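Heads up, the sequence shown is in the working numbering, so the first residue is 22 and it goes up one at a time. Where is the CB? At the ideal position from N, CA and C, for every residue including glycine. Note that the coordinates shown come from a computational prediction; the quantities given were computed from them, not determined experimentally. In what follows, a single structure is set out as structure tokens and then discussed.
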Amino acid sequence: MSGKLFAQPDGLLSGTSSPEGRAFLGTLYSKLPVGPLRWRSPQPTTSWTAVRDATHTGSPCTQAIGLSVASGGGGGLVTGSEDCLYLNVYGAPTTKNTPRRRFAGYGFSAGRSLCSRLRRQL
């Protein structure tokens, strides 16, 4: 896969592309929800001047995985981070009049973006 640049309002992103499509992974959705921003509404990101790498997914949100207490386990292994407000953006191989659609994963109870079928196809 070769690199591909994408200009968005806050700055340039460097993603990946192939004949099957383009991907910009781990793009910031908002300022990091840590410190004074913890438990607050997402805040807009600040602009940047250097090209940002968008070839890797962001960290998953904090969650416990593994055996649940109900099934006799210890509650699972805690994994992830509060620094987890990232989007993975996938697109068609061309930018000419390409329709756009946003899918939000608000229904997930566990897992992370690495599970995406689109990610495996690109």
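DSSP places Y111 inside the beta strand (DSSP E), whose first and last residues are 107-112. Taking C-alpha positions only, Y111 is separated from S35 by approximately 13 Å. Boundaries of the beta strand (DSSP E) harbouring V99: 98-100, taken from the DSSP string. Judged by beta-carbon spacing, K52 lies beyond the 8 Å limit of L46, meaning their Cβ atoms are not closer than that value.
Cβ-Cβ distances below 7 Å link V99 to T83, A85 in the same chain, with the five nearest sequence neighbours on each side left out; the list follows chain order. Cβ-Cβ distances below 7 Å link T66 to D31, L49, S51, K52 in the same chain, with the five nearest sequence neighbours on each side left out; the list follows chain order. Secondary structure of L26 (DSSP, three-state): strand. Distance from the CA of G79 to the CA of T37, rounded to the nearest whole angstrom, comes to 15 Å.
DSSP assignment within the segment 35-61 yields the following whole beta strand (DSSP E) runs of 3 residues or more, N-terminal first: 42-49. Here the alpha carbon of L106 sits roughly 16 Å from the alpha carbon of D74. Residue state for T66 is assigned as coil, using DSSP reduced to three classes.
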